[in-house]
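Trainee: Per the numbering used here, the sequence shown starts with residue 50, numbered consecutively.
Note that beta-carbon positions come from the ideal geometry of N, C-alpha and C, so glycine has one too.
The structure is given below, and queries will be raised subsequently.
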Amino acid sequence: MKILMVGSGGREHALIKKLKESEAVTEVICAPGNGGISVEATCFPVKATDIDGIINLALCERVDLVFVAPDDPLALGLVDACEKAGLRAFGPNSEAAIIESSKVFSKELMKKYSIPTADYFIFDDPEKAIEHIKNSDAYPVVIKADGLALGKGVLIAYNYEEAENAVKLIMRDKVFGTSGNSVVVEEFLTGPEVTVMAFTDSKTVIPMVSSKDHKRALDGDKGANTGGMGTISPNPHYDIDAQKYCMEHIFLPTVHAMNKEGRPFKGCLYFGLMLTPKGPKVIEYNARFGDPETQVVLSRLITPLIDIVQATIDERLDEIDIKWDADASACVIMASGGYPGDYKKGYKISGLDKNGQLEGVTVYHSGTIIKNQDFLTNGGRVLGVTAKAGTLNQALEKAYSAVKKIDFQDAFYRKDIGE
Ligand code: AMP
Ligand code: GLY
């Protein structure tokens with residue numbers, strides 16, 4: 050099989066490495082990819098959101114499967130376009146990807162089908178949102194842009210001024226563009242966060258092993274929200290009771306709800322959960338694999354990923370038994386100074402071998418390019434240094450000792466992943 054991977058981050062690097070473990074996969078190409086990915090797969094400079102460009106590439110290269118990893122091409126209907134062109138594709142179509150691309154949709158879905166989530170109100174008028182916040186006078190309050198915003202569209206306000214400012218930033222200044230045409234104003238929840246990604250073909254739901262992402266930029270969960278600064282798997286908070294509860298009250302009801310809405314979901318459905326004192330609740334859905342959750346979760350997958358992908362597309366996930374490695378896994382993201390705000394690119398990365406790797410760990414590349422045989426930084430998140438071991442502490446130790454051997458100008462990473 051020849052596969053086209055669409056996307057350019059550490060998640061795509063991890064997906065490609067995993068797919069290539071299987072003998073059935075003879076070649077993987079990637080668009081647009083990155084420096085680290087180009088060691089594994091020929092990369093083509095076509096943007097993930099260039100729907101026509103991706104379809105042309107897939108047809109010219111005669112691929113057997115298009116794997117759509119990022120959120121924006123899914124929302125734009127790349128899977129639909131593939132199907133129209135007679136190409137096999139992994140990922141939900143745009144009608145189903147709306148579960149991530151509109152928070153208004155996902156909140157209304159949860160309310161309609163009694164899926165536990167934070168209480169909320171929806172506004173498309175900033176005055177009304179501000180008036181509501183003033184009247185309810187409950188802080189902290191969470192304000193979310195409706196649409197996609199690179200994981201940055203959620204603002205937590207601790208007082209009225211901050212809340213008013215958040216509404217203005219999203220709805221008037223449109224810092225997230227049209228994603229801010231509507232906002233969700235919701236109850237602030239507390240408790241440990243858990244990520245569970247699940248394979249679903251719209252009939253069967255198979256949760257993967259759990260993980261935990263660290264979304265804030267700085268140690269102690271300080272600083273701005275990022276795409277994710279590091280992950281561990283399993284998530285120690287996610288016990289058997291929570292697993293049973295989530296399957297019964299969240300995972301199955303969500304997939305059934307999408308069927309009832311005429312939007313059957315096929316692909317990887319990501320559940321961002323919070324284990325609140327009142328039980329697990331949904332914080333967000335994603336219509337795709339998480340980044341950097343994929344790096345830790347897939348490194349524990351024993352069953353060939355390609356078999357699961359095929360079964361998902363053909364709606365025969367009920368025939369598959371997915372096996373996981375009992376070892377724990379940890380990923381530490383090395384980022385460019387300034388991220389998630391402005392940062393510089395083009396710094397030489399030292400400490401990696403010619404394949405962009407380092408012994409004892411797997412280095413998933415998020416934002417790198419190769420120039421004159423050197424790996425250079427080329428993004429906010431640069432590398433995801435990932436290790437596996439018998440215990441979580443050992444995995445973290447391995448990952449951090451590797452991180453210390455890698456360097457580039459202004460590099461920073463969180464020192465408390467997994468704590
Ligand atoms: P999201 O992009 O929806 O996952 O939100 C980003 C982060 O904001 C989450 O990982 C949580 O840490 C935080 N967050 C979102 N919604 C809430 C909420 N209702 N209560 C508390 N924290 C929240
Ligand atoms: N790490 C969070 C996400 O992929 O949305």
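Once DSSP output is grouped into helix, strand and coil, what is the label at A273?
Mentor: strand
Trainee: Can we count P341 as close to the ligand GLY, meaning its CB is less than 7 Å from some heavy atom?
Mentor: The answer is yes for P341.
Trainee: Taking just the CA atoms, how far does L301 sit from G135?
Mentor: In this structure, the alpha-carbon of G135 lies about 30 Å from that of L301.
Trainee: From what residue to what residue does the beta strand (DSSP E) around Y388 run?
Mentor: It is not in any beta strand (DSSP E) - Y388 carries neither H nor E in the DSSP assignment.
Trainee: Any heavy atom of the ligand AMP closer than 7 Å to the CB of G58?
Mentor: G58: no, Cβ never under 7 Å from the ligand AMP.
Trainee: Out of P341, M220 and G272, point me to the one whose CA is closest to P119's CA.
Mentor: When P341, M220 and G272 are compared, the shortest CA-CA separation from P119 is found for P341.
Trainee: Taking Y188 as part of the beta strand (DSSP E), name the residues at either end of that continuous run.
Mentor: Element bounds for Y188: n/a, residue is neither H nor E.
Trainee: Where I52 and A379 are concerned, what is the direct C-alpha to C-alpha distance, given to the nearest angstrom?
Mentor: 27 Å
Trainee: Can you tell which of Q406, M383 and V358 has the C-alpha that lies nearest to the C-alpha of V74?
Mentor: V358
Trainee: How many angstroms separate the CA atom of N142 from the CA atom of N421?
Mentor: One C-alpha to the other measures close to 40 Å.
Trainee: Measure the alpha-carbon distance for P241 versus E132 and round it to whole angstroms.
Mentor: 39 Å
Trainee: Spell out a yes or no on whether the region 166–173 and the region 330–338 are touching, meaning 3 or more CB-CB pairs, one atom from each, closer than 8 Å.
Mentor: yes
Trainee: Within the present structure, is the beta-carbon of L114 separated from the nearest heavy atom of the ligand AMP by less than 7 Å?
Mentor: Distances taken from the Cβ of L114 to the heavy atoms of the ligand AMP include none shorter than 7 Å.
Trainee: Using 8 Å as the threshold, is the region 380–387 in touch with the region 440–453, meaning 3 or more CB pairs across them?
Mentor: yes
Trainee: Determine which residues share a DSSP beta bridge with A436 and list them.
Mentor: A379
Trainee: Buried or exposed: where does I78 fall if 16 or more other Cβ atoms within 10 Å of its Cβ makes it buried?
Mentor: buried
Trainee: Verify whether the separation of the beta carbon atoms of K372 and I355 is less than 8 Å.
Mentor: no
Trainee: Look up F248 in the DSSP assignment and say whether it is helix, strand or coil.
Mentor: strand
Trainee: Compute the minimum distance between the beta carbon of N83 and the heavy atoms of the ligand AMP, and state whether it is under 7 Å.
Mentor: no
Trainee: I think A63 touches L347, with their Cβ atoms under 8 Å apart; what is that distance to the nearest whole Å?
Mentor: 5 Å
Trainee: What number of angstroms, rounded off, separates the C-alpha of S163 from the C-alpha of E157?
Mentor: 10 Å
Trainee: How should N404 be labelled, buried or exposed, when 16 other C-beta atoms within 10 angstroms of its C-beta is the threshold for buried?
Mentor: exposed
Trainee: State buried or exposed for Y207, treating a residue as buried only when at least 16 other CB atoms are found within 10 Å of its CB.
Mentor: Under this definition Y207 is an exposed residue.
Trainee: Take Y287 and list the residues in its own chain whose beta-carbon comes closer than 6 Å to its own, dropping the five residues that flank it on each side.
Mentor: Hits under 6 Å: V243 and S259.
Trainee: Quick check: the Cα distance between A194 and A178, rounded to an integer number of angstroms?
Mentor: 12 Å
Trainee: Within its chain, find whatever has a CB closer than 6 Å to the CB of G140; leave out the 5 residues flanking it on each side and keep chain order.
Mentor: V117, L123, V128 and G316
Trainee: Using only the heavy atoms of the ligand GLY, determine whether one of them is closer than 7 Å to the beta carbon of N274.
Mentor: Taken from the Cβ of N274, every heavy atom of the ligand GLY lies 7 Å or farther away.
Trainee: Are P487 and K67 closer than 8 Å when you measure CB to CB?
Mentor: Since the first residue shown for the chain is 50 and the last is 468, residue 487 is missing from the structure and cannot be characterised.
Trainee: With L441 as the anchor, note down where its alpha helix (DSSP H) starts and where it stops.
Mentor: Annotation for L441: the continuous alpha helix (DSSP H) segment containing it runs L441 to V452.
Trainee: Does the structure place the region 196–213 close enough to the region 270–289 that three or more beta carbon pairs sit under 8 Å?
Mentor: yes
Trainee: Around the C-beta of Q344, are 16 or more other C-beta atoms found within 10 angstroms, so that it is buried, or is it exposed?
Mentor: buried
Trainee: Going by C-alpha distance, which of K161, K264 and V115 is nearest D465?
Mentor: Taking each of K161, K264 and V115 in turn and checking the Cα distance to D465, the smallest one comes out for K264.
Trainee: Take every Cβ of the region 244–257, pair it with every Cβ of the region 214–232, and state whether three or more of those distances are shorter than 8 Å.
Mentor: Short answer: they don't touch.
Trainee: Going straight from the alpha carbon of K393 to that of A187, what length do you get?
Mentor: 40 Å
Trainee: Please confirm if the region 360–368 is in contact with the region 394–414, defined as three or more CB-CB distances below 8 Å between the two stretches.
Mentor: no
Trainee: Does at least one heavy atom of the ligand GLY sit under 7 Å from the Cβ of N335?
Mentor: yes
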